[in-house]
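S.K.: Residue numbers (the numbering used here): 39 to 399.
#1: How many Å lie between residue 363 and residue 288 at the Cα?
#2: Can you pull the DSSP bridge partners for residue 280?
#3: Taking all protein chains shown into account, decide if residue 66 is buried (16 or more other Cβ within 10 angstroms of its Cβ) or exposed.
#4: Would you say residue 356 faces chain D, with C-beta separation under 8 Å as the test?
#5: Which residues mark the beginning and the end of the beta strand (DSSP E) in which residue 340 is found?
#6: Are the segment 303-317 and the segment 342-360 touching by the rule of at least three beta carbon pairs closer than 8 Å?
#7: Relative to the C-alpha of residue 312, which residue among 282, 49 and 223 is closest?
#8: Rounded to a whole number of angstroms, what is the C-alpha to C-alpha distance between residue 224 and residue 368?
#9: Between residue 220 and residue 399, which are expected to be in contact by the criterion C-beta below 8 Å, what is the C-beta distance as a whole number of angstroms?
#10: Determine whether the beta carbon atoms of residue 359 and residue 392 lie at a separation below 8 Å.
#11: Using the Cβ count rule (16 or more neighbours within 10 Å means buried), how would you classify residue 72?
#12: Span of the beta strand (DSSP E) holding residue 373?
#13: Alpha carbon to alpha carbon, what distance is there between residue 337 and residue 396?
#14: Considering only the beta carbon of each residue, do residue 332 and residue 241 sit closer than 8 Å?
#15: Do you know how far the Cα of residue 371 is from the Cα of residue 394?
#16: Looking at the unbroken beta strand (DSSP E) that takes in residue 392, where does it start and where does it end?
#17: Please report the distance separating the alpha-carbon of residue 61 from that of residue 68.
#18: Could you tell me the alpha carbon to alpha carbon distance between residue 232 and residue 222, rounded to whole angstroms?
#19: Using beta-carbon positions only, say whether residue 258 and residue 226 come within less than 8 Å of one another.
#20: With a threshold of 16 other CB atoms inside 10 Å of the CB of residue 58, please say whether the residue is buried or exposed.
#21: Taking its Cβ as the centre, do 16 or more other Cβ atoms sit within 10 Å of residue 52, making it buried, or is it exposed?
#22: Measure from the alpha carbon of residue 275 to the alpha carbon of each residue in 255, 286 and 237, then state which is nearest.
#23: Can you tell me where the alpha helix (DSSP H) with residue 379 in it begins and where it stops?
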């Protein structure tokens, strides 16, 4: 055999390598089998550890019945009977004898009118003006269609709030709201207050007739009769005149018109209705020229009523205008705007200042 091996050495090496490979594969197979058995054993233990707890197979209705039985204790009939034997006996309440009601037969029963008044007073709308006043008598006649709605006090039921005023003894004169006085009326009352007795009074309306003054001129014409009535009741010997002023385009040329003093109030009103307003104004120039041009009666109290809706302007200084008015003893009442010159013009000459917006009231 040695001789064969020595003769073929390559065949021995091949057999040795094949034996080595066979034993290596056998070892690998045994090792893998042991690992597989080990993993299977650990997986079973883990599955047993995480296996969920088995739920009760009791039906839901049965479980609900069991809960009710455990929540509510059972009472036996003998317990109920025994409890009734030991219950306290209550005595019946003693009836209180009823007292007969007495009615006075001599009391006066409410009549239909008083009942109607109470109902109307309860349903009165306090946000509306009372029907007992003059200003609300027409509204009560249309809104309250009941008996006597909108009548004068003492002649019907009216609305509830009006009756409450009447029942408190308030009359129409006490509840009527007085309208604000017009500027011309206020000026007339001031004239009477400061009059020197029987001396004449000359009133000159110094009117700005620029383009924005048309409505104000109409308002003066409308209120002029009211002023005259107040002066007549004061027994004043008065006359009224007019001076209108404005500037015309394109050269701003000044234009002034003078109406002589007269006691004919209607004539003055007609002249005022003819006035057509346009252009601009230079009020300081107009005041200075009026001082020299107007012909007053001898011994009369002189008064200008200056009406404008613009700030005073012109070629004269305000101090020069004030001095000229003071020397001529002219009182100026101003119906104008709230500016320092117009207020001081009235205050320093002894007149009053009134906002021009009050002409439209």
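Glycine included, each C-beta is placed from N, C-alpha and C at the ideal position.
Everything numeric in this text was worked out from a predicted model, so none of it was measured.
M.R.: Quick look at the numbers:
#1: 31 Å
#2: 243 and 297
#3: exposed
#4: In the structure shown, chain D cannot be found, because there is only a single protein chain.
#5: 339-345
#6: no
#7: 282
#8: 18 Å
#9: 7 Å
#10: no
#11: exposed
#12: 368-374
#13: 32 Å
#14: no
#15: 12 Å
#16: 391-393
#17: 11 Å
#18: 15 Å
#19: no
#20: exposed
#21: exposed
#22: 237
#23: 378-387
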